[in-house]
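Worksheet for the structure shown next.
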Amino acid sequence: MGVYPCQNSITMENVITIKDKRYPELLGKIGKDAPEKIYYKGNWDSEIFKNCLAVVGSRRLTSYGRKITEQLVTEIASAGVTIVSGFMYGGDEAAHKAAAEAGGRTIAVMPCGIDMIHPEYQEELYNKILENKGLIISEYEGKFPPANWTYPRRNRIVAGLSKAVLIVEAGLNSGTLITAEFAKKFGRKIFAVPGPLTSEVSKGTAQLIKEGAEVVTEARDILKDYNISLTKPNLAKPSLNIEGIEQEIINQLQKEPLEADNLARILGMSVSKIGTTLSLMQLKGFINQEGGKYYVD
Amino acid sequence: MLIKVPSVANLGLESIKVDVEVNLANRGLPGFEIVGLPDKAVDESKERVRAAISSSGIDFPAKKITVNLAPADIPKEGSLYDLPIAIGILSSILQFTVPDKSLFFGELSLDGSLRHTKGALLMALFAREAGFQDLYVPKDSANEAGAIKGVKVFPVENLFQLASHFLKRKNIEPAVYQENSDNLPAPAEFDMKEILGQEQAKRAMEIAAAGGHNIIMVGSPGSGKTMLARALPGILPPLNEKESLEVTKIYSAAGSIPPGGSLITYRQFRAPHHTASPVGLIGGGTRPHPGEVSLAHRGVLFLDEFNEFPRQVMEAMRQPLEDGYLTISRSKEIVRYPADFMLVASANPCPCGYLNHPKKNCVCTPRQVRKYQKRISGPILDRIDLHITVQPVDATEFSDNQKNSELLESSETIRQRVILARKRQEERFEGESIQSNAQMKNSHIKKYCKLAKEVEQLLRQASMKFQLSARSYMKMIKVARTIADLEGAPEITVSHMAEVLQYRPKIYESI
Numbered sequence: 163m164g165v166y167p168c169q170n171s172i173t174m175e176n177v178i179t180i181k182d183k184r185y186p187e188l189l190g191k192i193g194k195d196a197p198e199k200i201y202y203k204g205n206w207d208s209e210i211f212k213n214c215l216a217v218v219g220s221r222r223l224t225s226y227g228r229k230i231t232e233q234l235v236t237e238i239a240s241a242g243v244t245i246v247s248g249f250m251y252g253g254d255e256a257a258h259k260a261a262a263e264a265g266g267r268t269i270a271v272m273p274c275g276i277d278m279i280h281p282e283y284q285e286e287l288y289n290k291i292l293e294n295k296g297l298i299i300s301e302y303e304g305k306f307p308p309a310n311w312t313y314p315r316r317n318r319i320v321a322g323l324s325k326a327v328l329i330v331e332a333g334l335n336s337g338t339l340i341t342a343e344f345a346k347k348f349g350r351k352i353f354a355v356p357g358p359l360t361s362e363v364s365k366g367t368a369q370l371i372k373e374g375a376e377v378v379t380e381a382r383d384i385l386k387d388y389n390i391s392l393t394k395p396n397l398a399k400p401s402l403n404i405e406g407i408e409q410e411i412i413n414q415l416q417k418e419p420l421e422a423d424n425l426a427r428i429l430g431m432s433v434s435k436i437g438t439t440l441s442l443m444q445l446k447g448f449i450n451q452e453g454g455k456y457y458v459d
Numbered sequence: 015m016l017i018k019v020p021s022v023a024n025l026g027l028e029s030i031k032v033d034v035e036v037n038l039a040n041r042g043l044p045g046f047e048i049v050g051l052p053d054k055a056v057d058e059s060k061e062r063v064r065a066a067i068s069s070s071g072i073d074f075p076a077k078k079i080t081v082n083l084a085p086a087d088i089p090k091e092g093s094l095y096d097l098p099i100a101i102g103i104l105s106s107i108l109q110f111t112v113p114d115k116s117l118f119f120g121e122l123s124l125d126g127s128l129r130h131t132k133g134a135l136l137m138a139l140f141a142r143e144a145g146f147q148d149l150y151v152p153k154d155s156a157n158e159a160g161a162i163k164g165v166k167v168f169p170v171e172n173l174f175q176l177a178s179h180f181l182k183r184k185n186i187e188p189a190v191y192q193e194n195s196d197n198l199p200a201p202a203e204f205d206m207k208e209i210l211g212q213e214q215a216k217r218a219m220e221i222a223a224a225g226g227h228n229i230i231m232v233g234s235p236g237s238g239k240t241m242l243a244r245a246l247p248g249i250l251p252p253l254n255e256k257e258s259l260e261v262t263k264i265y266s267a268a269g270s271i272p273p274g275g276s277l278i279t280y281r282q283f284r285a286p287h288h289t290a291s292p293v294g295l296i297g298g299g300t301r302p303h304p305g306e307v308s309l310a311h312r313g314v315l316f317l318d319e320f321n322e323f324p325r326q327v328m329e330a331m332r333q334p335l336e337d338g339y340l341t342i343s344r345s346k347e348i349v350r351y352p353a354d355f356m357l358v359a360s361a362n363p364c365p366c367g368y369l370n371h372p373k374k375n376c377v378c379t380p381r382q383v384r385k386y387q388k389r390i391s392g393p394i395l396d397r398i399d400l401h402i403t404v405q406p407v408d409a410t411e412f413s414d415n416q417k418n419s420e421l422l423e424s425s426e427t428i429r430q431r432v433i434l435a436r437k438r439q440e441e442r443f444e445g446e447s448i449q450s451n452a453q454m455k456n457s458h459i460k461k462y463c464k465l466a467k468e469v470e471q472l473l474r475q476a477s478m479k480f481q482l483s484a485r486s487y488m489k490m491i492k493v494a495r496t497i498a499d500l501e502g503a504p505e506i507t508v509s510h511m512a513e514v515l516q517y518r519p520k521i522y523e524s525i
């Protein structure tokens, strides 16, 4: 795993010890697991630790997982809840990104020294988190490299900081389930997103649900635990003037994401005509494309 | 006694006249010497000539024989000087005169017969330009040389026959050119109708074939990328006369025309493996030899597993992709080979191959995927007009009707549309140096592809949204022109342009 020093390193050592008054209260309650020192980047504001929700997901997040993460986190972060995650690609990255984009605050717990960005190609996200008054924290100083054992250790801080943990997608025996284990140990609530049983990364969440995790279908399920009532914003999309084939395509895509070939076959049209329509619809912003498949936002 | 027999030396696709001067001296010890920068094959000609003359029932003269290949400072290679040397010696001992305005060319076998020799077409072309009337070539190469009108080609079977011809005992009849009929239908391994699903990929292939556009297919193993590429020759238009001659010249220089073969009339499909050496692909060697990119001239260069090709090879293809030719510079000579090919590349999306696969899970980290995809450099991707993703097809998804290959479009039907589209392009570019839409330079695009306001607006909007480079922007217009040509439309419309957007560069969008 490649690691390199981050560009905007702050020379002054920013560190909070366990004896400090500003040390996060919830994290202090996890006993001997609590880290002695926390190094950080950004503006340390104790307010940020008041309402934390850990959002974790598989590194191999599916497009479904990404979509759900975006939906839930956008609403939750906008409601003022801090999103805590581990800055890994996949589920963590999706959670941080959605929170920052919604203008919410988010805390990234690094598996490496505070002067590193890992994975290094997520530098853009790193800066985005800081720009949105978020925090980057780590129990390791300087340029301490990430190792196999630092990832699960990092997860205990993710769970320890948060009132509850939301598991979006998790494989069996995955790092995501380790975070869930910590949450259980610390007595924090676990929320899990249901997913298709055929998917490898839904098996872990299915197991959690079996063991008593709360099923999440909308942001309100989580927010009620934070005593925030969501006045449902008028999400009804402005009625678009869609007709004919475009409507038919949207009807198909609402069921499941499809490729141009499938659509041509289902609708019995030539692929060039379908391609033309899809391009125009994508430009208008009705649909999006990922990995060759089209889907409706 | 000194005898001069004219022949040629081939440097790349150029020919230079070479005089084979043969001197038989009565003084001095008997011997046989060749001078004038001969290579090994030319030097060994001594032994072949000696044996061939003896086998023809003629005593080899016990004299001091000196052969000079003039001009003496140009390196000579190959076995084509066997015949002129033998004729020089024979004319001296049998006392016949070598006719004026004749060229000689061919390799001898030890029994006196002539073997098929590479470069016959280039020789005939040179003969016509330099004003030689008669051409004496091995019988197997006669049809190749005969493709050039205006030169009399004498097919020579063996040395004895040629000597009889000059001694006026039995004449050799000039060869009658025969067009090769077995060349005509392009040999494709698959018919398009054998390929189930993949509608968009097939459509992209049709567009690529119609405009000569480069295309890249990205997809998991077993998704049918190779099959699609192998079906491509079946939908390519035939070569026109001028193109056919260009291609045959290269093959003649490479010695790839079979005995009895003649003009190449179908587009070549070259599929070098990724372990091929840079010189093999690009061309080169101490005597610059055409590489795969030149052998694919006016045809298809299929590079399977594109990101496995060494970086050096990929980058070397930038010049031919842009200019349509390749200059090979060596200390002793500089050779220019045409290399105007249609690049068909296929690649996996990630090292394990299963990124975005509907059934299997990809086991690569984003970092590995990035690294893998970066092996194809931006400048190369920028030179590829059509980018498509190919997903594996699940046969169970198809109804019996859809599976029935008789109902699917055959390669021949598609080919007819492609030929029509090419014809429209040729008409449009009449008087220009280009023939297809893919060859258009920016000045041509300005001249022939005027975009209506709403089309330009759409393209602008798309290039902002999908972050297209300036070069991609131009490529889009070229491909849109081809789609319009397939339809027979005089102007590029919004729907043509919108379809092109389906084939935009998107390899880096997935992460």
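Sequences listed follow chains W and A, in order.
All residue numbers for the first sequence refer to the numbering used here, where the first residue is 163 and numbers rise by one.
All residue numbers for the second sequence refer to the numbering used here, where the first residue is 15 and numbers rise by one.
Even glycine gets a Cβ: it sits at the ideal position worked out from N, Cα and C.
(message) Against chain W, which members of the segment 448-480 of chain A pass a CB distance test of less than 8 angstroms?
(response) Leu472, Gln475, Ala476 and Lys479
(message) For Trp311 of chain W, which residues in the same chain have their Cβ closer than 7 angstroms to its Cβ, ignoring the five residues on either side in sequence?
(response) none
(request) Give, in chain order, every unbroken run of the alpha helix (DSSP H) that is at least 4 residues long and sits entirely within the segment 178-238 of chain W. (result) 187-190
(message) Against chain A, which members of the segment 413-436 of chain W pass a CB distance test of less than 9 angstroms?
(response) Glu421, Ala422, Asp423, Asn424, Ala426, Arg427, Ser432, Val433, Ser434, Lys435 and Ile436
(request) Look at Tyr5 of chain A and Gly269 of chain A and say whether their C-beta atoms are less than 9 angstroms apart. (result) A question about residue 5 of chain A goes unanswered here, because the residues of chain A that appear run from 15 up to 525.
(message) In this structure, how does DSSP classify Asn197 of chain A when only helix, strand and coil are distinguished?
(response) Note that Asn197 of chain A scores 49 on pLDDT, short of 50, meaning its location in the model is unreliable; the coordinates nonetheless yield the value given after this. In the structure shown, Asn197 of chain A sits in coil (DSSP, three-state: anything other than H, G, I, E or B).
(message) Between Phe174 of chain A and Tyr150 of chain A, how many whole angstroms is the CB-CB distance? I'm expecting something under 8 angstroms.
(response) Going by Cβ atoms, the distance from Phe174 of chain A to Tyr150 of chain A rounds to 14 angstroms, so no, they are not a contact pair.
(request) Count the other C-beta atoms from every protein chain shown that fall within 10 angstroms of the C-beta of His287 of chain A, then say buried if there are 16 or more, exposed otherwise. (result) exposed
(message) Within 9 angstroms of any Cβ in chain A, is that where the Cβ of Pro281 of chain W sits?
(response) True, the Cβ-Cβ gap to chain A drops below 9 angstroms.
(message) For Ser300 of chain W and Pro380 of chain A, what's the separation of their Cα atoms in angstroms?
(response) 23 angstroms
(message) So that I know if they touch, is there some Cβ in chain W lying closer than 9 angstroms to that of Gln416 of chain A?
(response) yes
(message) Are the CB atoms of Met331 of chain A and Ile229 of chain A within a distance shorter than 9 angstroms?
(response) no
(message) Tell me which residues share the same chain as Ser483 of chain A and place their Cβ nearer than 7 angstroms to its Cβ, disregarding the 5 neighbours each side in the sequence.
(response) So the qualifying residues of the chain are Asp396.
(message) Beta-carbon within less than 8 angstroms of Lys166 of chain A's beta-carbon, same chain only, minus the 5 sequence neighbours each way: which residues are those?
(response) Gln147, Asp148, Leu149 and Pro188
(request) Anything in chain W within Cβ reach of Leu434 of chain A, meaning under 8 angstroms, just list it in chain order. (result) Correct list: empty, because the minimum Cβ distance to chain W is about 16 angstroms.
(request) Measure the alpha-carbon distance for Met490 of chain A versus Ile436 of chain W and round it to whole angstroms. (result) If you take the alpha carbons of Met490 of chain A and Ile436 of chain W, they lie about 18 angstroms apart.
(message) Please report the distance separating the alpha-carbon of Met488 of chain A from that of Ile101 of chain A.
(response) 58 angstroms
(request) Identify the contact partners of Asn321 of chain A in chain W, using a Cβ-Cβ distance below 7 angstroms as the criterion. (result) Taking a Cβ-Cβ cut-off of 7 angstroms, Asn321 of chain A has no neighbours in chain W, whose nearest Cβ is about 18 angstroms from it.
(message) If the criterion is Cβ atoms closer than 9 angstroms, does the pair Ile17 of chain A and Ser106 of chain A meet it?
(response) yes
(request) Can you check DSSP and say which residues form a bridge with Pro235 of chain A? (result) Its beta-bridge partners do not exist; DSSP assigns none.
(request) My understanding is that Arg244 of chain A touches Glu203 of chain A, with C-beta atoms under 8 angstroms, so please give their C-beta distance in whole angstroms. (result) 4 angstroms
(message) Based on DSSP bridge pairs, tell me the residues matched to Lys437 of chain A.
(response) DSSP output for Lys437 of chain A lists no bridge partner at all.
(request) Work out the CA separation of Glu282 of chain W and Cys274 of chain W for me, nearest whole Å. (result) Their backbone Cα atoms lie some 11 angstroms apart in a straight line.
(request) Answer with buried or exposed for Gln405 of chain A, where buried requires no fewer than 16 other C-beta atoms within 10 angstroms of its C-beta. (result) buried
(message) For the segment 376-402 of chain A, list every residue whose C-beta sits within 8 angstroms of some C-beta in chain W, in sequence order.
(response) The segment 376-402 of chain A vs chain W, Cβ under 8 angstroms: Cys376, Thr379, Pro380, Arg381 and Arg384.
(message) Taking the alpha-carbon of Asp125 of chain A as reference, which of A:Pro89, A:Asn172, A:Ser343 and A:Ala310 has the nearest alpha-carbon?
(response) A:Asn172
(request) Can you tell me the Cβ-Cβ gap for Ser21 of chain A and Pro98 of chain A, rounded? I've got them flagged as a contact below 8 angstroms. (result) 4 angstroms
(request) Measure the beta-carbon distance from Ile278 of chain A to Ser258 of chain A and round it to whole angstroms, keeping in mind my assumption that it falls under 8 angstroms. (result) 6 angstroms
(request) Can you give me the start and stop residues for the beta strand (DSSP E) that Gln451 of chain W sits inside? (result) Ile449 to Glu452
(request) Would you verify that the beta carbon of Gly454 of chain W is, or is not, closer than 9 angstroms to some beta carbon of chain A? (result) yes
(request) Count the other C-beta atoms from every protein chain shown that fall within 10 angstroms of the C-beta of Pro152 of chain A, then say buried if there are 16 or more, exposed otherwise. (result) buried
(request) Taking C-beta pairs closer than 9 angstroms, name the residues in chain A that Leu442 of chain W reaches, listed in chain order. (result) Leu472, Val508, Ser509, Ala512 and Leu515
(message) Between W:Val458, W:Ile371, W:Asp459 and W:Gly204, which has its C-alpha nearest Tyr288 of chain W's C-alpha?
(response) W:Gly204
(request) Check Pro539 of chain A in the structure and name its three-state DSSP category. (result) One cannot answer for residue 539 of chain A here, as it falls past the ends of chain A, which runs 15 to 525.
(request) Measure from the alpha carbon of Ala224 of chain A to the alpha carbon of each residue in A:Leu400, A:Phe74 and A:Ala161, then state which is nearest. (result) Closest in alpha carbon position to Ala224 of chain A, among A:Leu400, A:Phe74 and A:Ala161, is A:Leu400.
(request) Could you work out which residue in W:Val320, W:Asp195 and W:Ala354 is closest to Thr341 of chain W when comparing CA atoms only? (result) Measuring from the Cα of Thr341 of chain W, the nearest candidate turns out to be W:Val320.
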